[in-house]
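Residue numbers (my numbering): 630 to 758.
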């Protein structure tokens, strides 16, 4: 990234909030604004998402998420790379609400959009928040 955009914890929270909350019919425009068309997202455990699958997931979450509340507990940026830890409360569809820990690392493109993303989400097991 030749001119690294300062990306903040608030930017990350706004991106995640927009992933889960919003009009499902606007999922594609949201993704075009925040994700590089060459996006590759890996989740611990083997789930892989490209841009088109990302659009589908955002539409699904926006249509089915009953609760989403996230708090960024740790955030760091080094050039075009970010890392973060969040505690989230989420309820999707008929599933009960869960408290989860989300860890992510990402690489941003020159426009500040997600290019590569790795995440691990687990049930919150307690400990220091």
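Heads up, the beta-carbon is just placed ideally off N, CA and C, and yes, glycines get one too.
- Around the Cβ of residue 664, are there at least 16 other Cβ atoms within 10 angstroms (buried) or fewer (exposed)? Mapped onto the chain shown, residue 664 falls at position 35. Buried.
- Item | Status (buried if at least 16 other CB within 10 Å, exposed otherwise) for residue 705 | Your numbering for residue 705 matches position 76 in the chain shown. Exposed: under 16 other Cβ atoms inside 10 Å.
- For the beta strand (DSSP E) containing residue 670, list its first residue and its last residue. In the chain shown, counting from the first residue as 1, residue 670 sits at position 41. From DSSP, the beta strand (DSSP E) with residue 670 extends over 664-672.
- Taking DSSP as the reference, what is the three-state secondary structure of residue 676? Indexing the chain shown from 1 puts residue 676 at position 47. It is coil, neither helix nor strand.
- Message: As a quick exercise: from 716, 742, 726, 712, pick the residue whose alpha carbon is nearest that of residue 659.
- Response: In the chain shown, counting from the first residue as 1, residue 659 sits at position 30. Checked all of 716, 742, 726, 712; the closest Cα to residue 659 is 742.
- Query: Can you tell me the Cα-Cα spacing of residue 630 and residue 707, whole angstroms?
  - Reply: Here residue 630 corresponds to residue number 1 of the chain shown, with the count starting at 1. Here residue 707 corresponds to residue number 78 of the chain shown, with the count starting at 1. Residue confidence for residue 630 is low, a pLDDT of 41 falling below 50, so the modelled location carries little weight and cannot support an answer.
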